[in-house]
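Mapping the sequence shown onto UniProt numbering, position 46 (from 1) lands on 46, and the numbers just tick up by one.
Structure record follows, encoded as structure tokens.
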Amino acid sequence: MEQAAIGREIAQMSSKVGSLFASSATDTAKRNQLKKALEKLNRLTDPFSDEISKANEVLLIETNDWNGDRKDKAEEAIDSLAKSLSSLKNKLEDAKGDIEAEIGSLNGKINAHNNTMAALKKLISSKTNEMKHLND
1 MEQAAIGREI AQMSSKVGSL FASSATDTAK RNQLKKALEK LNRLTDPFSD
51 EISKANEVLL IETNDWNGDR KDKAEEAIDS LAKSLSSLKN KLEDAKGDIE
101 AEIGSLNGKI NAHNNTMAAL KKLISSKTNE MKHLND
């Protein structure tokens with residue numbers, strides 16, 4: 001009778017380990033996808049500031065000898081473009097922050113799953129030993 005109860009406990013814990021393992025694998029896959037997305041965003045945003053500055057300089061140099069209304073419109077367009085690019089860069093940076101936060105959250109979940117699985121495996125081992133002693 002006692003062996004059956006211990007056997008059920010072991011089966012329940014083994015099932016929980018399997019479930020945690022599946023959750024951990026899913027979270028790991030999500031984390032890896034997010035890391036790839038973050039790498040892509042980093043490649044996009046790293047040169048972004050330099051490119052904005054270079055484009056602004058070139059446009060200012062090219063329009064320097066213009067005068068009057070034409071120059072004013074060009075400067076407005078340059079300012080508008082710079083603001084748009086800066087806004088886009090900020091949105092990309094925000095997206096990177098969101099992805100980094102999600103990766104951190106997934107890392108926490110994965111660690112918790114792994115710790116719980118390790119504890120359950122120890123408990124299963126202990127219960128298995130207890131059953132062996134009952135058989136002796």
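Note that CB positions come from ideal geometry on N, CA and C, so glycine has one too.
All of these numbers come straight from a predicted model, not from anything done at the bench.
Within 10 angstroms of its Cβ, does residue i collect 16 or more other Cβ (buried), or is it exposed?
| i | result |
| --- | --- |
| residue 61 | exposed |
| residue 133 | exposed |
| residue 65 | exposed |
| residue 19 | exposed |
| residue 24 | buried |
When the Cα of residue i is compared with those of the options, which residue comes out closest?
| i | options | result |
| --- | --- | --- |
| residue 33 | 23, 88, 99 | 99 |
| residue 10 | 127, 105, 114, 37 | 127 |
| residue 26 | 83, 113, 131, 38 | 113 |
| residue 82 | 117, 38, 14, 57 | 57 |
| residue 74 | 87, 59, 85 | 59 |
| residue 28 | 135, 111, 101 | 111 |
Taking 8 Å as the CB-CB limit, is residue i close to chain B?
| i | result |
| --- | --- |
| residue 108 | Reference to chain B is not applicable here, since this structure consists of a single protein chain. |
For residue i, which three-state DSSP category applies?
| i | result |
| --- | --- |
| residue 72 | helix |
| residue 90 | helix |
With the cut-off set at 8 Å, would you say residue i and residue j are in Cβ contact?
| i | j | result |
| --- | --- | --- |
| residue 121 | residue 17 | yes |
| residue 138 | residue 124 | Here the chain comprises residues numbered 1 to 136, so residue 138 is not present and cannot be evaluated. |
| residue 92 | residue 41 | yes |
| residue 31 | residue 115 | no |
| residue 38 | residue 96 | yes |
| residue 63 | residue 54 | no |
| residue 3 | residue 117 | no |
Identify the continuous alpha helix (DSSP H) that holds residue i and give its terminal residues.
| i | result |
| --- | --- |
| residue 65 | No alpha helix (DSSP H) contains residue 65, which DSSP labels as neither H nor E. |
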